[in-house]
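**Student:**
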Amino acid sequence: MQIEAGNGVDQPLVNESYFHDGARWERDIYRRLEISRNVWRVVAVAALICLAIGLLTLLSLVPLKSTEVVTLLVDKATGFVEVAKPLEEGGPISQREAVTQANIVRYIRARETYDPPALRDNFELASLLSAGQASKDLQEAFSPNNLHNPVKLYGINGRIRVIVHSVNFLSQGWMENPKSPATAAVRFTSVRTSDRERMEEHWAANVRFRYTAEPMKNEWRWDNPLGFQVIEYRKDQETVAPIVGAAPVEAPTVAPPTGAPAP
0 MQIEAGNGVD QPLVNESYFH DGARWERDIY RRLEISRNVW RVVAVAALIC LAIGLLTLLS
60 LVPLKSTEVV TLLVDKATGF VEVAKPLEEG GPISQREAVT QANIVRYIRA RETYDPPALR
120 DNFELASLLS AGQASKDLQE AFSPNNLHNP VKLYGINGRI RVIVHSVNFL SQGWMENPKS
180 PATAAVRFTS VRTSDRERME EHWAANVRFR YTAEPMKNEW RWDNPLGFQV IEYRKDQETV
240 APIVGAAPVE APTVAPPTGA PAP
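In numbering that gives the first Met the number 0, the protein residues as written are 0 to 262.
(1) Apart from the five residues just before and just after Arg233, which ones in its own chain have a Cβ nearer than 6 angstroms to its Cβ?
(2) Pairs of beta-carbons, one from the segment 178 to 196 and one from the segment 103 to 121, closer than 8 angstroms: are there three or more?
(3) Could you tell me which of Glu231, Trp219, Asn145 sits nearest to Glu123, measuring between CA atoms?
(4) Helix, strand or coil for Phe141 per DSSP?
(5) So for Asn223, helix, strand or coil by DSSP?
(6) Quick check: the segment 198 to 212 against the segment 161 to 181, are there 3 or more CB pairs under 8 angstroms?
(7) With Leu128 and Val229 assumed to form a contact (beta carbons below 8 angstroms), what rounded beta-carbon distance in angstroms separates them?
(8) When you compare the CB positions of Ala133 and Glu213, do they come within less than 8 angstroms of one another, or not?
(9) At what residues does the beta strand (DSSP E) containing Glu213 begin and finish?
(10) Alpha carbon to alpha carbon, what distance is there between Tyr153 and Glu199?
(11) Using the rule of at least 16 other Cβ atoms within 10 Å of the residue's Cβ for burial, across every protein chain shown, is Leu32 buried or exposed?
(12) Could you give the uninterrupted runs of the alpha helix (DSSP H) lying entirely in the segment 132 to 204, keeping only those of 4 residues or more?
(13) With respect to the alpha helix (DSSP H) encompassing Thr99, which residues constitute its N-terminal and C-terminal limits?
(14) Around the C-beta of Glu25, are 16 or more other C-beta atoms found within 10 angstroms, so that it is buried, or is it exposed?
(15) When DSSP labels each residue in this structure, what does Leu118 get in the three-state scheme?
Here it is in structure tokens:
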């Protein structure tokens, strides 16, 4: 719409800048609404993602609430409770732990068993697996000058059978570094029999051990491939059973084997 000015020139009734300002204002309002809508969309998507992650985490924790069945072994004489663990790859008992338990049991059986026909074999095996103070104590125990030499005490008719009940490691650092010394607590029973008596004794032993990489003869390596060594050995009696009297029988002593590894 135009009006005629006094000079005869037609002028618009409304300034054109008014329409430009209105169009700019409309675009600004629309842009703000669009930005706000996009922001809320991003917030909503982020919330959904967080919710999905939370649900997945909750579902992953569900198996942790499952019931695990374990087997407990109770010793009738001492009341000691032991958990029977399965041997699994990466499971409750590692292969290194199982092998070390077997070495400790083999050592105690060789050292504590008394069987005259197998006496030399057991002594040589115990000597091979001993080092340091444990080796010295073993040599003294079977010394001909020792009045408590098992051969002098039990003679040719006596027998001692060893039953190992449990082996528990008191530290776990040796699992990462086998060369570092570690200690295991062992509970076992010795069953002594002769012509006139039978007695059971229950023992708790502390076995300090290590693995060594020192060179050795093939003959020794075949019996001890990993270089297992017991450096300290101590046992304490848990329960004492009455002894039915039997006089000790004299018998020839067993001399230390030749060629045993030096402690």
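By construction, the Cβ of each residue, glycine as well, lies at the ideal position given by its N, Cα and C atoms.
Since we're looking at a predicted model, the values are computed, not measured.
**Tutor:** The answer reads as follows:
(1) Asn205
(2) yes
(3) Trp219
(4) coil
(5) coil
(6) yes
(7) About 6 angstroms separates the beta carbons of Leu128 and Val229, which is inside the 8 angstroms limit, making them a contact pair.
(8) no
(9) Glu213 -> no beta strand (DSSP E), and no H or E assigned at all.
(10) Within the model, the alpha-carbon separation for Glu199 versus Tyr153 is close to 15 angstroms.
(11) exposed
(12) Positions of the alpha helix (DSSP H) runs, each at least 4 residues long and wholly inside the segment 132 to 204, are given as 149 to 153 in order along the chain.
(13) 94 to 111
(14) If you draw a 10 Å sphere on the C-beta of Glu25, you find fewer than 16 other C-beta atoms in it, and that means exposed.
(15) Under the three-state reduction of DSSP output, Leu118 falls in the helix class.
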